[in-house]
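Student:
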Amino acid sequence: MTEANAYEGPVEAQFGDYIALLKPRVMSLVVFTAFVGLWVAPGQMDPFLAFCSILFIAIGGGASGALNMWYDSDIDAVMRRTQDRPVPAGLIGREEALALGIGLSILSVMMLGLAANWFAAGFLAFTIFFYAVVYTIWLKRSTPQNIVIGGAAGAFPPMIGWACVTGGIGIESLLMFALVFFWTPPHFWALALFMRDDYSKAGVPMLTVTNGRRSTRRHIFAYTLVLAPFAIWLGLTSVGGPLYLAVSAVLNALFILGGWRILRRDEVAAEADGYTVEKRYFRFSLYYTFLHFLALLAQGWVGGW
Amino acid sequence: MALRPEHELHGRRRGRNTGLLVVLALFVALIFGMTVVKISNGHMMEGFDHQPRTSLIPAEGDGDAPAGDIPAAEDEEEGQ
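Sequence lines, in order, name chains A and B. Position 275 of the first sequence, counting from 1, maps to 274 under numbering that gives the first Met the number 0, and the rest follow consecutively. Position 79 of the second sequence, counting from 1, maps to 78 under numbering that gives the first Met the number 0, and the rest follow consecutively.
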């Protein structure tokens, strides 16, 4: 005999699915870079308020992730990498994702204003708007430079962290922005090289689809060359020092070398070994930013120039 | 038999509800913590409350410091 009240509907979302809606892996990068921005900034901030500020920046980042999942649920359902996300998997409705995104956006901005200052809060609001509207809604589906523009949204958190302490912008925070901004395109284009069909199936104009894979390889190498001077320049400012410069020099040399290797390969060779070089480069690019910011943190700890 | 047997729905939603409870409790704790920090680090947070108060009257020659020792102002407040 079956239970009279047995529920035969679709699987229901659990608490973890709502967390997944906030893109926790992206959030971890946001938390880390915002923390470093806050840590190296000149000035004093109460540790508890600093903790709260980082938390609200992270929630703001999560909110823009939810808004992204609301708008992009159609293409997320097509791409292998994203089809298990809560909205395309049918666990959470689109409206619910939108409501959570808007609600958390407002909450995070107001709370950051109270915890730190209203300049930082306005900056966070701008970042959410930039990622959700300018990138996700407007440019992602219309230009192959989508990754470049999206990278700006990911590059703002260290500037927000800096603004929490200083209440403004400095050359150091602009260079931290540049570090993430110019790093993002080669990072994602390397991913696009070995995730072959995903983006073309979804109709997202990735550089690999619009300009071809040869051109993408050239772009990756070019961006590593543009990135390096900014990374080194950051080491010459008040937040830099010998430790950071040494780490940055090694990482940039390796990054340029990796970009060069990608440039020299053709598709036949890449396909033959299952995109080993591209995959290795993608993994290294994750360490690249992490180690740069870790070096900044360590330099701040031991004292700079 | 219990008067209201638990609906299967409640069991399924327990994890979600507990999670939300924890988040809300942490949020309250956070606001409380921020309040404590702001008050203990903050400047004077007294505002005008439709009642002249000596602590809000600036001392002569110093625009910021509160002047609690102006007898005239004190008398005025007591008189109300």
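For glycine and all other residues, C-beta sits at the position ideal for the given N, C-alpha and C. Just so we're clear, the structure is a prediction, and the values are computed from it rather than from any experiment.
1) Thinking C-beta only, is Phe229 (chain A) closer than 8 angstroms to Leu178 (chain A)?
2) Do Gly14 (chain B) and Gln13 (chain A) have their C-beta atoms closer together than 8 angstroms?
3) Tell me whether the beta-carbon of Thr165 (chain A) lies closer than 8 angstroms to the beta-carbon of Ala191 (chain A).
4) Among residues of its own chain, excluding the 5 on either side of Cys51 (chain A), which ones have a beta-carbon nearer than 6 angstroms to its beta-carbon?
5) On a Cα-Cα basis, can you pick out the residue from A:Trp69, A:Ile53, A:Ile91, A:Asp73 that is closest to Tyr17 (chain A)?
6) Could you give the residue range of the alpha helix (DSSP H) that holds Trp38 (chain A)?
7) How about Ile53 (chain A) and Ala76 (chain A): are their beta carbons less than 8 angstroms apart?
8) Out of A:Ile261, A:Ala294, A:Leu262, which has the shortest C-alpha to C-alpha gap to Val246 (chain A)?
9) With burial defined as no fewer than 16 other Cβ atoms inside 10 Å of the residue's Cβ, what is the status of Pro241 (chain A): buried or exposed?
10) Judging by CA-CA distance, which residue of A:Leu21, A:Pro156, A:Val147, A:Ser72 is the nearest neighbour of Ala124 (chain A)?
11) If you draw a straight line from the C-alpha of Gly89 (chain A) to the C-alpha of Gly121 (chain A), how long is it?
12) Is there a C-beta anywhere in chain A that falls below 8 angstroms from the one on Gln79 (chain B)?
13) The alpha helix (DSSP H) with Phe128 (chain A) in it runs from where to where?
14) Quick one: residues in its chain with C-beta nearer than 6 angstroms to the C-beta of Ile146 (chain A), no 5 flanking neighbours on either side, listed in chain order?
15) Please list, in chain order, all residues of the same chain as Ala96 (chain A) whose beta carbon is under 7 angstroms from its beta carbon, the five residues on each side excluded.
16) Beta-carbon within less than 6 angstroms of Gly299 (chain A)'s beta-carbon, same chain only, minus the 5 sequence neighbours each way: which residues are those?
17) Tell me, please, whether the CB atom of Ala297 (chain A) is closer than 8 angstroms to any CB atom in chain B?
18) Suppose you measure from the CA of Ser104 (chain A) to the CA of Tyr243 (chain A); what does that come to, to the nearest Å?
Tutor: Inspection of the coordinates gives the following:
1) yes
2) yes
3) no
4) Ala114
5) A:Ile91
6) 23–39
7) no
8) A:Ala294
9) exposed
10) A:Pro156
11) 34 angstroms
12) Summary for Gln79 (chain B): the model assigns pLDDT 41, below 50, so the residue's position carries little reliability; its value from the coordinates is reported in the next sentence. So no, Gln79 (chain B) is outside the interface.
13) 117–128
14) Pro184, Phe187
15) Leu20, Ala65, Met68, Trp69, Val86
16) Trp38, Val39
17) no
18) 34 angstroms
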